[in-house]
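Residue numbers (this note's numbering), protein chains in the order written: chain A, 1 to 294; chain B, 1001 to 1294.
There are 2 protein chains.
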Amino acid sequence: MLERHELETFLTLAEELHFGRTAERLRVTTGRISHVVKKLERRIGAPLFARTSRVVQLTPIGRQLADDLAPLVAGMDEAVRRAVEAGRGVTGRLRVAFLGEWTAPALLKAVALFAQRHPDCQVEVHEVQLFNSRPSLVDGSIDILMAAYPFDGMACGPALLEEERVLAVPAGHPLTRQESVSLEVLGDHPVVQYPAVTSAEFKRDRTPEHTPSGRPVPKGPAGNTFSEMLTLVAMGRGVLPVGEHTRRYYPRPDVAYVPIRDAPPIRRGLVWRESNTTARVREFVRAATDANVR
Amino acid sequence: MLERHELETFLTLAEELHFGRTAERLRVTTGRISHVVKKLERRIGAPLFARTSRVVQLTPIGRQLADDLAPLVAGMDEAVRRAVEAGRGVTGRLRVAFLGEWTAPALLKAVALFAQRHPDCQVEVHEVQLFNSRPSLVDGSIDILMAAYPFDGMACGPALLEEERVLAVPAGHPLTRQESVSLEVLGDHPVVQYPAVTSAEFKRDRTPEHTPSGRPVPKGPAGNTFSEMLTLVAMGRGVLPVGEHTRRYYPRPDVAYVPIRDAPPIRRGLVWRESNTTARVREFVRAATDANVR
DNA sequence: TACGATCGTTGAGCCGGATTCAACGACGGG
DNA sequence: CCCGTCGTTGAATCCGGCTCAACGATCGTA
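Below, the structure is given as structure tokens:
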């Protein structure tokens, strides 16, 4: 296998047939060209160029080699160019998705800014559900997802949305008489569980196994979708800490919400497959940050 | 354009999917692999491998690049291999030729030894004439020629045959009464000239323009072939210094030969195009030397 | 014919990047 | 919980890519 500089030197000299011009094109000295060609010829075992101080020409072996190598080198350049375009270029297509329609506005602001900055890159906006959000990222059917943190095993950008947590309880539940509750109350009621497809880390964040003081939290039944989980709450099968947006976006007469005073806010932002960290993705995250963080 | 070590590192890792084995195969440390891959990824602008400390896999961009590059690199290796085979290998076909049948035995001894040493290389023996000897070498229709020195612009091996010079004169010429003559006598008689196709250096060696003492040598007519030149001598149009083999191989009753006492011997050996210095050629020259020089 | 201009060659020497080395962090399994 | 396996990281080292300057060969020109 030849070194890059050997390939470049040989092919350029084969094209120019002149040491001076070859050296100039490659930004080196003629001495370098001479050395490299000589070493190549020693390696091949025969002269590649027939040269006097007046004229340089390819020998038959040299011509054969040049004809063989030129298209291969061009192909390599093209392959690398394509890879760089895929990785560094901000063109082509970018598929972004949201999970829960109430997060769509923030995503659309990001899309607008990104589209303005990169008119050559086509953006598709999709919606995914809880059950297919991770598979969509893993199989590449979407590039970026606006989702709630934590989102295990994915790269994530800065938080774009924050909201306080509230406790969903059945309408008329005794807790509704309080202004706010502490996380400690989770030790006193079964807590509805997220479905198995969500990550352990996510579940620990939303439905902890212990209260701040260390008491175990009784596990209630699990739902397959968020609506199903709220229905379980309405049925009196348990309580569920949720974001306060739920008040507005899931208005149900059979469920009431009580602020949780000592829980950190829920953060949301963009997540994507680590191995899909292309310039497109980085640029979209930057646009989302610029558009949503004042 | 990627460096050779980048190509090798990337493709080997894409094959092994394991830093340790890749490092072992390439005889470097794993740190090196890590550095090179990281630099490549910085250049491409996106991850090429998705790696944890347990598993290494290609990203889509990495797979695309590997699939693109692998056949090109294989093609380059193959092209270089072919060139090395043409330059360094002693196989294929070698065309050797003699000029003047009396030199054939020395050439055939060389052919025999070469064929014994390199049974995989087919040798063809041809005969050329004065007028087409140089063109045959230049256009590649023969690789090596057994010829008299000097042979301008060609590479040559060690002298294989030496012979004393004699002066060809018309039968009954006054010089035939002498045991030997000096080169000085060339100043006293027209000298038959070699044809224009022969090189200036060769003509200076055979038909000098000045005697050793500096007197000019009168130029006689030129012949197109050696027989023609001897005929001019027979016709009394001039004299001609020749090798003593002429006595035996051109026995003519109308030409006599007188030894020249102060001329260096005529040397013959193998000549070939400088740009055709392949291993085949070098090996044939070596065989010829071994077979003919005691 | 001597001179200058143009070109490729050569060998010594310098410098930067290729490579190593050793310490470190991450992850799974017994 | 510790240990073994793996990949990462940054400083140190060293080799080879490259320059530089002198040289030789060749051709046009005064």
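Even glycine gets a Cβ: it sits at the ideal position worked out from N, Cα and C.
Note that this is a predicted model, so its numbers are computed, not measured.
When the options are compared against residue i, the one with the closest alpha-carbon
| i | options | result |
| --- | --- | --- |
| B:SER1199 | B:TYR1149, B:ASP1120 and B:ARG1252 | B:TYR1149 |
| A:THR211 | A:PRO218, A:LEU183, A:THR231 and A:VAL233 | A:LEU183 |
| B:LEU1065 | B:GLU1006, B:ASN1132, B:MET1229 and B:GLN1116 | B:GLU1006 |
| A:ASP308 | A:VAL128, A:ALA110, A:LEU94 and A:GLU101 | Absent from the model: residue 308 of chain A. The displayed extent of chain A is 1 to 294, so no value can be given. |
| B:THR1225 | B:LEU1175, B:PRO1190, B:ASN1132 and B:PHE1010 | B:ASN1132 |
| B:THR1059 | B:VAL1037, B:ALA1079, B:ALA1074 and B:VAL1080 | B:VAL1037 |
| B:VAL1197 | B:ASP1188, B:PHE1151 and B:PRO1190 | B:PHE1151 |
| B:GLY1100 | B:GLU1078, B:GLN1122 and B:GLU1127 | B:GLU1127 |
| B:HIS1118 | B:GLU1041, B:GLY1092, B:THR1012 and B:PRO1253 | B:GLY1092 |
| A:ARG27 | A:GLU8, A:PRO216 and A:LEU107 | A:GLU8 |
| A:VAL125 | A:ARG134, A:ASP262 and A:PRO105 | A:PRO105 |
| A:ARG252 | A:LEU230, A:ARG25 and A:LEU240 | A:LEU230 |
| A:THR246 | A:SER141, A:TRP102, A:ASP139 and A:ALA263 | A:TRP102 |
| B:ARG1063 | A:ARG82, A:GLY62 and A:ARG54 | A:ARG82 |
| B:VAL1293 | B:VAL1185, B:ARG1025 and B:LEU1107 | B:LEU1107 |
| A:GLU41 | B:ASP1077, B:ARG1054, B:ARG1088 and B:THR1029 | B:ARG1088 |
| A:SER53 | A:LEU17, A:THR29 and A:LYS39 | A:LEU17 |
Supposed contact pair residue j and residue i - C-beta distance, whole angstroms, cut 8 Å
| i | j | result |
| --- | --- | --- |
| A:ILE33 | A:ALA23 | 5 Å |
| B:GLU1244 | B:GLU1179 | That pair is no contact at about 14 Å. |
| B:LEU1160 | B:ARG1268 | 6 Å |
| A:PRO265 | A:GLU201 | Contact flag wrong, Cβ pair sits at about 17 Å. |
| B:ILE1044 | A:VAL84 | 6 Å |
| A:VAL169 | A:VAL271 | At roughly 30 Å, the Cβ-Cβ gap does not stay under 8 Å, so A:VAL169 and A:VAL271 are not in contact. |
| A:PHE10 | A:LEU72 | No, A:PHE10 and A:LEU72 are not in contact; Cβ-Cβ is about 12 Å, not under 8 Å. |
| B:ALA1147 | B:THR1277 | With a Cβ gap of about 16 Å, B:ALA1147 and B:THR1277 do not count as contacting. |
| B:PHE1019 | B:VAL1080 | The Cβ separation is near 28 Å, so there is no contact. |
| A:GLY308 | A:VAL192 | Only positions 1 to 294 of chain A appear in this structure, which leaves residue 308 of chain A out of reach. |
| B:VAL1255 | B:ALA1234 | 5 Å |
| B:VAL1242 | B:VAL1181 | So it is not a contact: roughly 13 Å between Cβ atoms. |
| A:GLY220 | A:GLY238 | 3 Å |
| A:ARG4 | B:LEU1002 | 7 Å |
| A:ALA97 | A:SER136 | 7 Å |
| B:GLY1187 | B:VAL1217 | 6 Å |
| A:LYS109 | A:ALA263 | Their Cβ separation, rounded to whole angstroms, is 27 Å, which puts A:LYS109 and A:ALA263 out of contact at 8 Å. |
Min CB distance residue i to chain B below 8 Å
| i | result |
| --- | --- |
| A:VAL84 | yes |
| A:ARG95 | no |
| A:LEU182 | A small fix is needed here, since residue 182 of chain A is Ser in this sequence, not Leu. Chain B, which has no Cβ nearer than 8 Å to the Cβ of A:SER182, makes this no. |
| A:GLY72 | Note on identity: in this sequence residue 72 of chain A is Leu, with Gly being the wrong assignment. Closer than 8 Å: yes. |
| A:LEU13 | no |
| A:SER199 | no |
| A:ARG237 | no |
| A:LEU2 | yes |
| A:GLU274 | yes |
Any chain A beta carbon closer than 8 Å to residue i
| i | result |
| --- | --- |
| B:LEU1065 | yes |
| B:THR1278 | yes |
| B:GLY1087 | yes |
| B:LEU1069 | yes |
| B:VAL1080 | yes |
| B:GLY1075 | yes |
| B:PRO1195 | no |
| B:ARG1027 | no |
| B:VAL1170 | The sequence given here has Pro at residue 1170 of chain B, not Val. Taking Cβ atoms only, chain A never reaches closer than 8 Å to B:PRO1170, which makes this a no. |
| B:GLU1283 | no |
| B:GLU1008 | yes |
| B:GLU1016 | no |
| B:PRO1060 | yes |
Task: Members of the segment 33-58 of chain A near chain B, C-beta cut-off 7 Å - done: ILE44, GLY45, ALA46, PRO47 and ALA50
TODO: Report the residues of the segment 117-149 of chain A with a CB closer than 8 Å to any CB of chain B, ordered along the chain.
DONE: GLY140
Open item on the list: Under 8 Å: do the segment 1112-1122 of chain B and the segment 1274-1287 of chain B share three or more Cβ pairs, one atom per stretch?
Closed with: yes
Open item on the list: Output needed in chain order: residues of the segment 240-262 of chain A with a Cβ under 8 Å from some Cβ in chain B.
Closed with: none
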